[in-house]
Each structure stands twice: as structure tokens, then as C-alpha cells.
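Asks:
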Amino acid sequence: MLGIWKWYQSCLSLHPVKTQIISSGFLWGIGDITAQYITHSISKKRLQYKDGEQEFRINWKRAAITSMFGFGFVGPVGHFWYEGLDRFIKMRLQLRPKSVRFVATKVAMDGLIFGPVDLLLFFTYMGFSLGKTVAQVKEDVKRDFLPALILEGGVWPIVQVANFRYIPVRYQLLYVNIFCLLDSAFLSWLEQQKDAPWKQQFTSFTSFKEREGQGRV
């Protein structure tokens, strides 16, 4: 294990962007396979399949598509985002590193800017990659974006407080990538839930607000 860690450190020093791209793509692919297994297991229990029926088979196309999101967006964009965010807050806002204001500002900017953009691009990308039409993708985003934003909003700030407070900038991307394994599994699972009943609570609330706004016009 120590040898792997030293090898990763060496790769990160020599090829920081490439290392983050490869690790992100790998972790997001593993996350999607995990989500597929969780979805299969839940369905198997709910429908009470007998042993041997409906064996779990990995959807390699879907796993590859999700992995490409890690390769193409999370890895490169995440690398420059966290590096740039650290420099911006230090140099432009001139906040003392590791201070409460420094960490709070980082967490706020990450949650308000990178988080929503990441979710929006993920659901849009997955929709088009799976051959859906523009109208279908819009419906998927409308259905999945708000639930994901709210549920992740209760977890990622806690994760990032520890990241920005205790993890050196050089290893913050590795820390995020490890949690991205869980995050990619969650997002893939959420996307596979389609029109699950629990999502109706979020969509019905937004629909109510829209109708209320129209009634005031």
C-alpha cells in the first residue's frame, strides 16, 4: 500500500493533470458499476427474484460513459478549479490560509459554483450519451437536478470543510476524488431511479412554486 502511495505521489509531481484525469475516470467508472449493483440488489429484493434469476450483469457501455465524464470533466476541470480557487482566495481576497473565513469562503464558492455546474453537466451529458432527445434530457434534468443538489448539499460542505482545513492543496484533489467514488455511485444511482416516488416530493414542490408564481401574474 505504501508503494502505491509513493507511486501516486511521484505521478502527481511529474504529471499532475494527467494523474487527476486518469484517477477521476477510473473512480467514476467504479462508482457507476457500484450504483448498478446497488440498483440491481434493491430491485431483486423488491421483486423477490429467486436465486439464479436476474443475475447481475455490468452495463459496460454505461460504465464507460460515466467514466468518460470523469476523464473529460471532473479530472481536468477539478484540477484547475481547486488550484485556482486556492490562489484566488489567497491573493485576491487575501485571507489567511486555514483560517475560518478562508475555509468558509472556499466551501461557499465550491458549493455555489462548482457543485451546481458539475450536477447540471453530469445529467445533461448522461442523457445525450444514452441517446435521449433534447426534450427528454430537459425532463431528466428537471427531475434529477434539484434532488441531487439538495441531498449533496447536506454532505459535500462537511467533506470540504475537512478538505480545505486539513489537507494540503497538493492532495486536495486526491481527497475529493476518493469521495467522488461515492459521489459518482450516488449520482449514477439517482439517475437510474428514473421517476421514483421519493423524487416526486422535490418536483411537486417546484411545480407548486411555479403555479403560485403564475397565479400572481
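Going letter by letter, the sequence shown gives residues 0 to 216 in numbering that gives the first Met the number 0. Using N, Cα and C, we set each Cβ at its ideal position, and we do this for glycine too.
#1: Between which residues of its own chain and V288 is the CB-CB distance below 7 Å, once the five residues before and five after are set aside?
#2: Put I41 into one of helix, strand or coil per three-state DSSP.
#3: Exposed or buried, T18, counting other C-beta atoms within 10 Å across all chains shown (16 or more means buried)?
#4: Which of the three DSSP states, helix, strand or coil, is assigned to N162?
#5: Output the distance between the C-alpha atoms of V140 and R86, rounded to the nearest integer angstrom.
#6: Give the single residue among V106, W4, S183, K97 whose Cα lies nearest to the Cα of P167.
#7: Specify the secondary structure class of M217 as computed by DSSP and reduced to three states.
#8: Using 8 Å as the cut-off, can you tell me whether the region 22 to 29 makes contact with the region 72 to 79, which would need three or more C-beta pairs spanning the two stretches below that distance?
#9: Which of the three DSSP states, helix, strand or coil, is assigned to N218?
#10: Taking C-beta to C-beta, are V221 and F127 nearer than 8 Å?
#11: In chain order, what residues of the same chain lie with their CB nearer than 6 Å to the CB of A62, ignoring the 5 residues before and after it?
#12: Can you tell me where the alpha helix (DSSP H) holding F121 begins and where it ends?
#13: I need the straight-line Cα distance from I41 to E54, nearest angstrom please.
Replies: On the basis of the supplied data:
#1: Nothing can be reported for residue 288, as the shown portion of the chain is limited to 0 through 216.
#2: Walking along the sequence shown from the start, residue 41 turns up at place 42. Here I41 sits in helix by DSSP.
#3: The count along the sequence shown starts at 1 and reaches residue 18 at position 19. Classification for T18: buried.
#4: The sequence position of residue 162 within the sequence shown is 163, counting from 1. N162: helix per DSSP, three-state reduction.
#5: The sequence position of residue 140 within the sequence shown is 141, counting from 1. The sequence position of residue 86 within the sequence shown is 87, counting from 1. Cα-Cα distance, rounded: 33 Å.
#6: Walking along the sequence shown from the start, residue 167 turns up at place 168. For the residues V106, W4, S183, K97, the minimum Cα distance to P167 belongs to K97.
#7: Because the chain is modelled from 0 through 216, residue 217 falls outside the range shown and cannot be assessed.
#8: yes
#9: Residue 218 is absent from the structure shown; the chain starts at 0 and stops at 216.
#10: Nothing can be reported for residue 221: it is not among the residues displayed for the chain, which extend from 0 to 216.
#11: If you number the sequence shown from 1, residue 62 lands on position 63. Answer for A62: G28, D31, I32, listed in chain order.
#12: The residue you call residue 121 lines up with position 122 of the sequence shown. Taken as a continuous stretch (DSSP letters only), the alpha helix (DSSP H) holding F121 covers 114 to 128.
#13: Here residue 41 corresponds to residue number 42 of the sequence shown, with the count starting at 1. Here residue 54 corresponds to residue number 55 of the sequence shown, with the count starting at 1. Spanning the two alpha carbons is a distance of roughly 13 Å.
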